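Participant:
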Amino acid sequence: MRTRSLRASSVSTRVAGAAMVVAVSAALTVGILPSPPGTEARDLRLALVGCSVVCVLVWMTVSVRARRVGGVELDKPARPERRPSRWLPLLLAVLLPLASGAALVQAVGPDGDQGRWVAEVYAAGGEVREVRIDGVVSGPQPTGVNVNGTDEYAADVVVTLGFEDSPRRTTVRGARTLGVPQQGDTVSVLYAPARPGLGGRYHGSGFFTGGGVALLWIWAVTLFAAAFGCGILDRAGVHAARRFRGDVHGVAALLLGLGVLCLLPGAFFQTPTWAGWLLSFLAACTPWLAMTWVVKRL
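Start counting the sequence shown at 43; every next residue gets the next number (the numbering used here).
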């Protein structure tokens, strides 16, 4: 009976560990991808983070119980210990930089007045619509961008936005079009139909318009760190870290929790640019601090 109890605990630990890895991987994958600053994307990320926290707590609870069972003298000889897993070090080498990259991505987005306006529009149920140009009120200026042989131009244009109370004519500054903008052409405008007072602004659909350069740098560094880590992580060391110890894994979990807390202000409030990047950088450091703590203590 005691042998069965130990085996059941071992199976429970592995199942809880697998669920934790799946939940964390999903949260980090969603976190490192670009997303609009709407409440839906924020709620999805928070839900995945919450699920990951629950899975971590379940794994820690099951591991504590498994250690208590393991301390009982068994009626039968213990089974030989399994060889260190090959995939676990590779997975850890990917998840560590992925966690840091996902933290840094949270700081990418509109800054200053534009960032506050975008956050307020999305909070009011904002959406992007293609609207027709009623008139051009400024001389079109070339932006230097050429798409398939057609030059892009920027100009202030007048459009009619369909607000909930009534349609209103609004001037959209810096609207970009392929070719010289003319009456009847369409542009993408972000606005909140329920908040006419916020007006509308041009919504750039290009990748580099929404902080794509910063995203590319973050992704490149993340990929490099993952490739580098795959070649240096020790299988035996990672295998030893699977054996739960409260003074080791508990502190590591607290460090990771602090990293999550650093990201909450940016999720619920429009923080200054420097504060957003500082908090994201601090959060990006916590996975490596937690890993260093585990390695030094084991």
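Glycine included, every Cβ here is placed at the ideal spot set by N, Cα and C.
The structure presented is a predicted model; accordingly, all values stated were derived computationally and were not measured.
Could you tell me if ARG158 is buried or exposed, where buried requires 16 or more neighbouring beta carbons within 10 angstroms of its beta carbon?
Facilitator: Here residue 158 is taken as the residue at index 116 of the sequence shown, counted from 1. By the 10 Å Cβ count, ARG158 comes out exposed.
Participant: Terminal residues of the continuous alpha helix (DSSP H) containing ALA141?
Facilitator: For the purposes of this step, residue 141 is taken as the residue at position 99 of the sequence shown. Its alpha helix (DSSP H) spans residues 129-147.
Participant: My assumption, with CB atoms under 8 Å, is that GLY288 sits in contact with THR328. Please give the rounded CB distance.
Facilitator: Translated into positions along the sequence shown, residue 288 becomes position 246. Translated into positions along the sequence shown, residue 328 becomes position 286. Going by Cβ atoms, the distance from GLY288 to THR328 rounds to 19 Å, so no, they are not a contact pair.
Participant: Tell me which residue opens and which closes the beta strand (DSSP E) that GLY216 is part of.
Facilitator: The residue you call residue 216 lines up with position 174 of the sequence shown. Its beta strand (DSSP E) spans residues 209-220.
Participant: Give the straight-line distance between the Cα atoms of VAL63 and ALA269, rounded to the nearest whole angstrom.
Facilitator: Against the sequence shown, residue 63 aligns to sequence position 21. Against the sequence shown, residue 269 aligns to sequence position 227. Computed Cα separation, rounded: 19 Å.
Participant: Assuming contact is defined by CB atoms lying nearer than 7 Å, are GLY151 and ILE74 in contact in what I supplied?
Facilitator: Translated into the one-based positions of the sequence shown, residue 151 becomes position 109. Translated into the one-based positions of the sequence shown, residue 74 becomes position 32. In this structure, ILE74 does not lie closer than 7 Å to GLY151 by Cβ.
Participant: Only counting the same chain, and skipping five residues up and downstream in sequence, which positions put a Cβ closer than 6 Å to that of SER67?
Facilitator: Here the question's residue 67 lines up with position 25 in the sequence shown. Cβ neighbours of SER67 beyond the five flanking positions: none.
Participant: For GLY226, is the classification buried or exposed, using 16 other Cβ atoms within 10 angstroms of its Cβ as the cut-off for buried?
Facilitator: Translated into the one-based positions of the sequence shown, residue 226 becomes position 184. Under this definition GLY226 is an exposed residue.
Participant: Tell me the rounded alpha-carbon separation between ARG107 and ALA294.
Facilitator: The residue labelled residue 107 in the question sits at position 65 within the sequence shown. The residue labelled residue 294 in the question sits at position 252 within the sequence shown. Looking at the two C-alpha atoms, the distance is approximately 19 Å.
Participant: Based on the DSSP output, what are the partners of SER345 in its beta bridges?
Facilitator: Residue 345 is absent from the model: the chain starts at 43 and stops at 340.
Participant: Can you check whether the CB of TYR195 is closer than 7 Å to the CB of ALA217?
Facilitator: Here residue 217 refers to the residue found at position 175 when the sequence shown is read from its first residue. Here residue 195 refers to the residue found at position 153 when the sequence shown is read from its first residue. Contact: no.
Participant: Can you tell me whether SER322 is buried or exposed, with buried defined as 16 or more other CB within 10 angstroms of its CB?
Facilitator: Your numbering for residue 322 matches position 280 in the sequence shown. Buried, since its Cβ has 16 or more Cβ neighbours within 10 Å.
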